[in-house]
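Q: Residue numbers (my numbering), protein chains in the order written: chain C, 23 to 326; chain F, 12 to 308. Next up is a structure, given as structure tokens.
See below:
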């Protein structure tokens, strides 16, 4: 039928050819607005940074090509490794706790018969939508050594004041708590989406088998949720190693550099107009984060 | 082994009644809810206390002494009004660009084969992995070169189409069956018509989610504005807030701790209002949108 139509009247054929051409050009038209912005403010600065990382440049004058000196300087600098270690410790304080807490909350909220379900979902997300600067500032005031609420509460039960943000022993856990509080709601939402994909009948079978709640959580929910859990781990690893604004506002990297995260250390170079080193530091950070992500992806693959 | 002994070998655990179980879950959730809401509630309530009382008695609440003083002082001391205006301008412009570009580009990546597609999408994925902070140095230099430091363009254009938005939209649009698009094509629908009449209605929930997430990210963005728009005239809301905070942490000489704390809590309370309103109204879309996006992730 198509052939007769085509031979009978050449006009639709021309129209057809034009439609094909339109179809070939359409994606470029759709992508053009994105490409314009992306090339100018995404790709261009990325290539610029890569080049910058091999030069010595203080923001004015000519940049001197110094090869890999910036990289060797950083890799032999204890302060660089210190910032990586600080982020590593924060990762340990944050990610495992967040996974446990996130799974427990998500499993509880997954029950459709739960009363006040909508209220809980909003409540857990309030810290996530509250501006980070605002959250960080609430933290500054609440954890103040002399006037803060937390020490006030401790005083009520007769415990001594703690320098939450002013001692190097407590500053990291306090910062970790801030991050946990701020982002766990988002993790719960992602985990909830993973839970919804699990087939209910698996649970029914386990219940008949006599497995109790904790057992079912550990041997059914967690394994079936592994893909989502790893997605969360990769996402949060990125976030923890890039963490910059939280310590910038709450502790400014102190006391004694104990909260100088990888992100904040990087910012410090920029702040001192040591741009070549800053660029090199950026790419080292990218490599670390990429390697960690690949490691987690590998873990997922081998265990499947 | 008989059936009877097998049953005895594996006795059923004592059944916990459903009532106790729900009570336990509710208690667990209530404790956490209090922990999640308490700091925000405390901040808002304290903003209405006399500044000296916030410091001397952080937990106490004397209804009779509640006052607007912190708010009055704060509005007089810091350019928070200008901060709101700047944030609103950036939000409107940047948000529109993201919500216009991301679905279109996502549609092209998901439903068309064209030379250069994989290279382009690969680049998008790489920028998804890059920390935002990586691009700050060259972007700032680019802004200086263009003479854009302390301008709206500098706040709006960089990061206007972020890689995550493109990636998300592509995932969502890829789920739309090709037959649906082809049927429209046979009916004589143009390529852009297919996008507006078929694709957009289908991805509406994800678009709502993207809208809320975009608004949230732009509203809360702080790193880039601090670097590129530090002048008082251009300071966004978040820059105003962080400047106030540094007066506390930096122990500004001569600054009265109690007064600054009061002003800060007042500023924080005011800054949270727009986002909370948006969120409460759109929370359903927001949550469903994220669910739609992450299922395939």
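All C-beta atoms in this analysis are idealised placements derived from N, C-alpha and C, irrespective of residue type, glycine included. Predicted model, so just to flag it, every value in this text is computed and none were measured.
1) Which of the residues in the region 181-213 of chain F, read from start to end, lie with their CB under 8 Å from any CB of chain C?
2) Taking Cβ-Cβ distances shorter than 9 Å, what residues in chain F pair up with residue 19 of chain C?
3) Using three-state DSSP, classify residue 78 of chain C as helix, strand or coil.
4) In this structure, how does DSSP classify residue 87 of chain C when only helix, strand and coil are distinguished?
5) Whose Cβ in chain F lies nearer than 7 Å to the Cβ of residue 267 of chain C?
6) Excluding the 5 residues preceding and the 5 following residue 113 of chain F in the sequence, name in chain order all residues of the same chain whose CB lies nearer than 7 Å to its CB.
7) Using the beta-carbon count (16 or more within 10 Å), is residue 94 of chain F buried or exposed?
8) Return the first residue and the last residue of the alpha helix (DSSP H) that residue 211 of chain C is part of.
9) Count the other CB atoms, across all protein chains shown, that sit within 10 Å of the CB of residue 153 of chain F; report buried if there are 16 or more and exposed otherwise.
10) Output yes if chain C places a C-beta closer than 8 Å to the C-beta of residue 264 of chain F; else output no.
11) Please state the DSSP three-state secondary structure of residue 166 of chain C.
12) Along chain C, which residues have their Cβ under 8 Å away from the Cβ of residue 170 of chain F?
13) If we ignore side chains and look at the alpha-carbon of each, how far apart do residue 161 of chain C and residue 131 of chain F end up?
14) Note down, in chain order, all residues in the region 140-155 of chain C with a beta-carbon under 9 Å from any beta-carbon belonging to chain F.
15) Under a CB-based cut-off of 8 Å, is residue 198 of chain C close to chain F?
16) For residue 264 of chain F, which residues in the same chain have their Cβ closer than 6 Å to its Cβ, ignoring the five residues on either side in sequence?
17) Show which residues of chain C have a CB atom less than 7 Å away from the CB atom of residue 178 of chain F.
18) Check the Cβ-Cβ distances between residue 113 of chain C and every residue of chain F, and say whether any is below 8 Å.
19) Hey, how far is the Cα of residue 101 of chain C from the Cα of residue 239 of chain F?
20) What residue range does the alpha helix (DSSP H) around residue 127 of chain C cover?
21) Using three-state DSSP, classify residue 277 of chain C as helix, strand or coil.
22) Taking one C-beta from the region 123-142 of chain C and one from the region 268-277 of chain F each time, how about it: are there three or more such pairs within less than 8 Å?
23) At the 8 Å Cβ level, is residue 71 of chain C part of the contact set with chain F, yes or no?
A: Quick look at the numbers:
1) 196, 201, 202, 203 and 206
2) This structure leaves residue 19 of chain C out entirely; chain C is present only between 23 and 326.
3) DSSP places residue 78 of chain C in strand when its eight states are reduced to three.
4) strand
5) 233 and 234
6) 172, 176, 177, 180 and 221
7) buried
8) 190-218
9) buried
10) Confidence at residue 264 of chain F is low in this model, with a pLDDT of 46, below 50, so its placement is unreliable and the value that follows should be read with caution. Answer no: the Cβ-Cβ gap between residue 264 of chain F and chain C never drops below 8 Å.
11) coil
12) 63
13) 42 Å
14) Interface annotation for the region 140-155 of chain C against chain F: 140, 141, 142, 143, 144, 145, 146, 147, 148, 149, 150, 151, 152, 153, 154 and 155, criterion Cβ-Cβ distance under 9 Å.
15) no
16) Any reading at residue 264 of chain F is ruled out, since the residue's pLDDT is 46, under 50, leaving its predicted position unreliable.
17) Here the premise fails: no neighbours, minimum Cβ distance about 12 Å.
18) no
19) 27 Å
20) 100-132
21) coil
22) Contact between the region 123-142 of chain C and the region 268-277 of chain F is absent: fewer than three C-beta pairs spanning the two stretches fall below 8 Å.
23) Contacts with chain F at 8 Å (Cβ-Cβ) include residue 71 of chain C.
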